[in-house]
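Okay, structure first, notes after.
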Amino acid sequence: MLAEVGYEEIGMDHFALKTDTLYQSMENGKLHRNFMGYTASKTKAMIGLGVSSISDSWYGFSQNVKDVKSYYELLKENTIPVYRGHILNKEDLTVRQHILNLMCRFKTAWDKEDLYFEELPDALIQLKEMESDGLIKIGTNSITITEKGKPFVRNVCMAFDVLLKRKQPNNQLFSMTV
Numbered sequence: 000m001l002a003e004v005g006y007e008e009i010g011m012d013h014f015a016l017k018t019d020t021l022y023q024s025m026e027n028g029k030l031h032r033n034f035m036g037y038t039a040s041k042t043k044a045m046i047g048l049g050v051s052s053i054s055d056s057w058y059g060f061s062q063n064v065k066d067v068k069s070y071y072e073l074l075k076e077n078t079i080p081v082y083r084g085h086i087l088n089k090e091d092l093t094v095r096q097h098i099l100n101l102m103c104r105f106k107t108a109w110d111k112e113d114l115y116f117e118e119l120p121d122a123l124i125q126l127k128e129m130e131s132d133g134l135i136k137i138g139t140n141s142i143t144i145t146e147k148g149k150p151f152v153r154n155v156c157m158a159f160d161v162l163l164k165r166k167q168p169n170n171q172l173f174s175m176t177v
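When the letters of the sequence shown are read in order and numbered with numbering that gives the first Met the number 0, they come out as residues 0 to 177.
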């Protein structure tokens, strides 16, 4: 339906007209994604303001408290209302880059040593069924999501998410996104 009126798929569940900066960014390989969605500008710092908001400094995340009353009490005490956070290690940054590549370009590669991570072979094994279904193509050092596979980009990304696998090792990728 969107394609009939000129919209093009630019990423996971997102469409834009060819005249839009999001489409042009995708065409130029500059499309980026953050907590807010797709963007034409890549920023390495995003400050979340408000209850439960998430901040991203590229090397770490933090989330504000989830309760309105607690949030305002902390502000009155001149305390930053952070509830929790995570500092990204080298593996986290590598995985993040692969996930962004898949979400913004429908492909990723690990032809450089710094893009390889220890659990990559396990992720590839987990993706074999998707490959046999024609959803992705696994190359020697790359993965490309096919047209048929674009609706499942979230599932492909989940295979790379080592933190998710460590937290929920027995969950199947498909059932978690349905």
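Ideal placement from N, C-alpha and C gives every residue a C-beta, glycine not left out.
* D132 Cβ short of 7 Å to the ligand SAM heavy atom set -> Among the components of this structure there are no ligands whatsoever, and the ligand SAM is therefore not found.
* Inter-stretch contact (C-beta, 8 Å, three-pair minimum) for the segment 105-115 and the segment 65-74 -> Under the 8 Å Cβ criterion, the segment 105-115 does not count as touching the segment 65-74, having fewer than three qualifying pairs.
* Start and end of the beta strand (DSSP E) containing T107? -> Counting along the chain, the beta strand (DSSP E) containing T107 begins and ends at K106 to A108.
* Asked: Between M11 and S69, what straight-line distance do the alpha-carbon atoms span, to the nearest angstrom?
  -> Cα-Cα distance, rounded: 35 Å.
* Exposed or buried, which one is L126 when buried takes at least 16 other CB atoms within 10 Å? -> It is buried - the Cβ of L126 has at least 16 other Cβ atoms within 10 Å.
* To do: Keeping to the same chain, check which residues put their C-beta closer than 8 Å to that of H13; ignore five residues upstream and five downstream.
  => The beta carbon of H13 sits closer than 8 Å to those of L21, G36 and Y37, all from its chain and outside the five residues before and after it, given in chain order.
* Asked: Going straight from the alpha carbon of S174 to that of N77, what length do you get?
  -> Legend: pLDDT at S174 = 47, less than 50; position of this residue unreliable, value from coordinates given subsequently. Just so you know, the alpha carbons of S174 and N77 end up roughly 43 Å apart.
* **Buried or exposed by the 16-neighbour rule on C-beta atoms within 10 Å, applied to G148** => So G148 counts as buried.
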